[in-house]
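Numbering that gives the first Met the number 0 applies: residue 0 is where the sequence shown begins, and numbers increase by one.
Everything below concerns the one structure shown next.
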Amino acid sequence: MGYWLDGGTGIKEAAEQALLGTDDDIRTFLTDAPAIQQVDDRVDASRVVNAGGPAVREAAKAALQGTPADVEAFLDTGWKAPQEQDQRVDASRVVNFGGPGVQDAGKAALLGTPEDVKQFLEVDQYTAQEADNRVEVSKLYSSGGTNVKAAAKLALQGTPDDILEFLDVGQFVARNRDQEYATIAELTDQAEKAGKQAEEATDKAEEASAKAVAAAALALEAAEKAAKETEAAKNDANRASLKANQAADAARAAAEASQQAIGAANAANASARRASLAAAQTASAAASAAEAAGRASNAAYAAGTDKNKAQAARDRAAEARKAGELAKKSAKAAEQAGKASLAAADAAAASRSATGNADKAAAAADQAADYADAAGGSSSEARAAAAETRRHAAEANRAANAAEALARRSATAANEARDAANSAATHAENAADAADEAAEHAGEAADQAAEAAKQAAAAKAAADTATAAVTTAQKTFDLARETETEDLKTRTDAGVESAMTQKAAADTFTVDLSKTVVEGQAIVDDTKALTLEASKPDTDQAAIAAKGRAVALRALKYFGSWRKDAATEALSGTDADVITYLKTGWDQAVTDETRQQVSDIASGSPYEAVRTAATAALNGTDQQILDFYTTGQYEAGNADYRVAVSKLYNDGGPGVRDAAKAALEDGSAQALAGFLNSGQYAALQADERVTASKLYNEGGPEVKAAAKIALAGSADEVHAFVDAGQYMADREDQLAINHVAQVDRLIAEGQEIAANARRNSHLAAQAAFEAKGAAADAEKAKNDAAQSATDAAGYAADADKAADRAETSAKQAKTSATTARAAADRANQSSIDAEESAAQAEFSAQYAHNSAREAKQSADEAKQSALDAGKSKDEAENLASAAWKDVTAKRAAEEAEMRREAAELRERQREQDAKPKCYIPMNRDNLPPCALTGQELVFPGIDPTLKAIVWEVLGLNDARDCIKDPSIGKCALAAMSILPVGKLKALKSLGKIDDIVEATRVGKLAKCVKPLGRSLTRSAPVPCVPWITGKLPAAEETGLNETLAHLDAGTVPSGPTATKWGTKFKNWSGDLPGAKGPNSPYKEYRVANPYGDSAGALRIVKNTDTGETYYTWTHYGDSGNPPFVQIR
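Right, dumping it as structure tokens:
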């Protein structure tokens, strides 16, 4: 059973086949299990590689080249040290690209522990970045104009988001209001920042590409191995099926690698986009430098003819020389951005290796499916995985090709901007030298005509350089726009592919869940039929008992609490016990379960009237309790239901309003409850699809893309988009518009500068022609200068219009951001509500199970005591029944208080375990890892609690419909809410190696359970003891093994003294998972100083429900409670 609970794809299926077979099948499975697990482990390792950095990849490769034990050791703890190395590299990278505060925090973390480095990467770098941002705003406040000062002051009084908003958008809008042009120094600074961002994006592209290549290669190896083993199993349909499924799992791992390759393409696009922006800013700086050169040339001529203008010439020379220096600096930034863009192109090209291997893995999965078909096994999973992997690979390949091409073009543009800047710098320096020389010899020009011609030629060269630079800026910006379009297409197509995969998984989950409803009803019907048959006098009791065992086994797997315990007791007894189970045990379990469910309602219903009525019903007969459960609860809640339905009617969309109206007009409690439990969700899904479709048709590019992705996915994704995602997408659209407007303004300013440079050139030419006496030429030059002045005025007007567009879009972006944050807060609260609802359901199930266990124990003890006292069997049975009822009544009376205490504990835990914030800068090209990683769907197990709830809200006929078509509205319950225990949960980040390892077979085998409550007050968590792999000191290992042997044998040790043996461990501090206090399922077995005093007292704690067993030695963990280590 442990293999089935914790195993990977192959071992889980093999275990299930064995459990349904004979004893020989079990023995064969146990023999084959290690070999089956090896394939699962190798696929798991490839997934870790897909998430890990270079050191993790190398460690994984080394393990995979070794023995199966090496792979298992890697998945157990072998990934941890390499992961710490990779985190140090990541932290160093952040320090390299960060501001002063980020650098200081990063350096301090790198001098500390691995936990310090992790804390820096996940939280502290963003806190430090917020401080750096405040410093940056303060600088702008000091140097800015009136409007910049006002906007900066307002930002500094606001939140970190307000500060970031000012840096990304607000400062430019305020500068527009101050009528300030970006200086060449500011342009150079912006170019340098864009160049660093391009380098950072390139690093991400290279890392993502390396991950994808390594992971895809390993996944291909596993897929091909599974395909060969499928072929070898040609005479065994079951084994061929499980091997085909392992091939499918490996193919999906290759598909995940393709998603990583798409990430490499996205990062390459980001690098190209930032390189293009650096090029545009550099070209604008070049135009400014060229204009400064023209002004210096004109000043040189003026000084040559008039000694009073010497100082002006010196001033223009200084300006030109400074402009030349900055232009060179900007040129270097553009050159670095170009190099980064080329490296990103190479990374995108390299990632194509991953897509090639993904295609091969898909082919292996198809081949495995063919072999499974030939063996008479199941092949659908493998074929679906192959098709899915090919889709992901095709999109990754397309994205890589496009990203590579654009990145190379961006590199070329950056180099052109570099050349323009260097040329402008040369002109500026030459003009500065000439102006300085003219100042030294002011008024001494002997040949004014020659001097005028010389300076006119210099001015014309500078003007031509400025014009060419602006043309380059426009071209590079056009390329940046093209890159943004490709980036959006890549993100959209990849998102659609991922959404389709998630929807397929959601549909499978819905079908499986719906099948449980049908199976549950079948168990009920079969049990009733056997009960009738067992009551006939001439029935073959042995044959009925055999059938009864079969149906009890089904009940054991399907139901929870009372019916499960009744089935367990029957299966562990004689044929007579099974007959008793069929005749009375089943009905009694149903009665007890109904009582428990009514008790749950009494303590957990959101409606006071229902809780009061439930409490009263519990004082009645079994029939009265049943009547309340089937109809009474709805009648009691009728008024509350009407209020809830009316609220949904007022707040809902057209479909929800229509469904709510129909329920209100019907008026019956069943209709109202039916709408609240299920009808509203189907109607909501329909409404949200209509809304999403409308947004797709009418929204901007980002909204359209987000809507397309959502509509390709499950109902849950559509809901998330409509509820919150649309607003963030709209904000991104507005930011994109703002960005375009700002660069349009930059280009227009550059064109104005170039036009003024041409004007200066024509004025210089006019002076030269006048000196020569060429009046006609002088007049033409004068007219050309006037036209250039007119052009400059037109470009200035264009810059103003662009500034107005930027201001409008900035306001809209701010509004969208406010709406998006509010929607995100609502979504977060909904998530908390969902978790709490699920926890309440889990509490009910656990409480019921514990109640059943305690009632049985009390009844057994009462019966045995009566028999020991010489009472008759009937008297003993009556006393046992009374004890049973006494326990159930007491447990029901205690439930409300225990439920309240559990809820309070969860609330405290939520506050203590608040998840680190994912800090997402407004700048889309600088997202943190938590926002860039892909997502993996993790579905909840279909446990008895979930089965019971879905049976309530999805009737038998609806369940049958959902098996046929899981996409229809009413079936969205399974993927969307199920009150909401069945919600698709734990969208775990693929960047979190810890999460991936935890989900593997090896990750589930042994884990250190740290005390939750007390350890939170310490400066560092309690370390897991290093003996988790079984390498205890010899004496301690002997003591542990001998104590476990006593526990298994049911004996009490007498050598080392048993100070506590089989006593209740109430788990008050939440040291272990599960209920606390009287509800705790744990018993403690403590032995004092088993072998001398060195080891301290040994404690073993066992979960009596699941068999999970933990141990700890009290001398470990000197800073507080020692951690428990799970050993079974």
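A virtual CB, placed ideally from N, CA and C, is assigned to each residue, including glycine.
Quantities reported herein were computed from a predicted structural model and do not represent experimental measurements.
Sheet register partners of residue i (DSSP bridge)
i        : result
Ile-736  : None, per the DSSP bridge assignment.
Glu-1083 : Thr-1062, Val-1100
Contact test: residue i Cβ vs the ligand NAP heavy atom, cutoff 7 Å
i       : result
Lys-308 : Because no ligand of any kind appears in the structure shown, any question about the ligand NAP cannot be addressed here.
Rounded separation between residue i and residue j - CA only
i        : j        : result
Tyr-1110 : His-1045 : 14 Å
Val-1024 : Leu-109  : In this prediction, Val-1024 has a pLDDT of 36, which is less than 50 and means its spatial position is unreliable; nothing more can be read from the coordinates.
Ala-339  : Thr-475  : 16 Å
Gly-303  : Asp-776  : 22 Å
Asn-414  : Gln-366  : 49 Å
Tyr-140  : Val-147  : 7 Å
Gln-479  : Arg-407  : At residue 479 the sequence reads Ala, which differs from the Gln that was named. When rounded, the distance between both Cα atoms is 12 Å.
Leu-989  : Gly-51   : With a pLDDT of only 33 at Leu-989, under 50, the local geometry of the prediction cannot be trusted, and no value is derived from it.
Tyr-640  : Leu-663  : 9 Å
Ala-802  : Thr-789  : 20 Å
Gln-1125 : Ala-80   : 22 Å
Asp-369  : Ala-342  : 42 Å
Val-937  : Ala-357  : Low confidence applies here, because Val-937 scores a pLDDT of 37, under 50, leaving its location unreliable and the question unanswered by this model.
Ala-616  : Thr-630  : 12 Å
Arg-610  : Leu-625  : 15 Å
Thr-515  : Tyr-557  : 8 Å
Pro-939  : Arg-804  : Only weak support exists for where Pro-939 lies, its pLDDT of 41 falling under 50; the coordinates are left without a value.
Val-1021 : Glu-83   : Because the pLDDT of Val-1021 is 32, which lies under 50, any placement of that residue in the model is unreliable, and the number read from its coordinates should be weighed accordingly. The straight-line gap from Cα to Cα measures roughly 18 Å.
Val-589  : Ala-392  : 52 Å
Gly-698  : Asp-729  : 8 Å
Ile-1099 : Lys-227  : 45 Å
Leu-74   : Ala-44   : 7 Å
Gln-170  : Ile-736  : 16 Å
Reference residue i; option with closest CA among the options
i       : options                             : result
Val-47  : Lys-474, Lys-693, Gly-105, Ala-62   : Ala-62
Ala-319 : Ala-457, Tyr-1084, Asp-799, Thr-690 : Ala-457
Ala-410 : Thr-425, Ala-455, Ala-330           : Ala-330
Glu-748 : Asp-797, Ala-785, Gly-144           : Asp-797
Gln-733 : Ser-808, Glu-751, Ala-785, Lys-781  : Ser-808
Asp-85  : Pro-113, Ala-361, Ala-682           : Pro-113
Asp-506 : Asp-715, Pro-33, Glu-853            : Asp-715
Thr-464 : Ser-871, Gln-750, Pro-1072          : Gln-750
Val-886 : Ser-871, Ser-857, Glu-896, Ser-864  : Ser-857
Glu-634 : Ile-624, Glu-1041, Ala-672          : Ala-672
Ala-434 : Phe-768, Asp-305, Glu-896, Arg-656  : Asp-305
Arg-87  : Pro-67, Gly-111, Asp-69             : Gly-111
Thr-491 : Ala-658, Tyr-695, Glu-436, Asp-539  : Tyr-695
Asp-123 : Gln-102, Asp-23, Ala-709, Thr-509   : Gln-102
Test item: CB-CB of residue i and residue j under 8 Å
i        : j        : result
Gln-632  : Ala-612  : yes
Gly-1061 : Tyr-1081 : no
Gln-684  : Ala-705  : no
Ala-711  : Ala-498  : yes
Asn-132  : Leu-153  : no
Ala-130  : Phe-119  : no
Arg-315  : Ala-298  : yes
Arg-389  : Glu-496  : no
Tyr-648  : Thr-593  : no
Ala-468  : Ala-333  : no
Val-717  : Arg-688  : yes
Lys-855  : Glu-876  : no
Ala-363  : Glu-223  : yes
Trp-585  : Thr-620  : no
Val-136  : Phe-96   : no
Phe-768  : Ala-780  : yes
Requested in this report: Evaluate the contact criterion for the stretch 419-433 versus the stretch 739-750: three or more CB pairs, one atom per stretch, below 8 Å.
Outcome: no
Query raised in the report: Are the stretch 559-574 and the stretch 597-605 touching, with three or more C-beta to C-beta distances below 8 Å?
Result: no
**Report entry** Cβ pair count under 8 Å reaching 3, the stretch 288-299 against the stretch 747-763
**Finding:** yes
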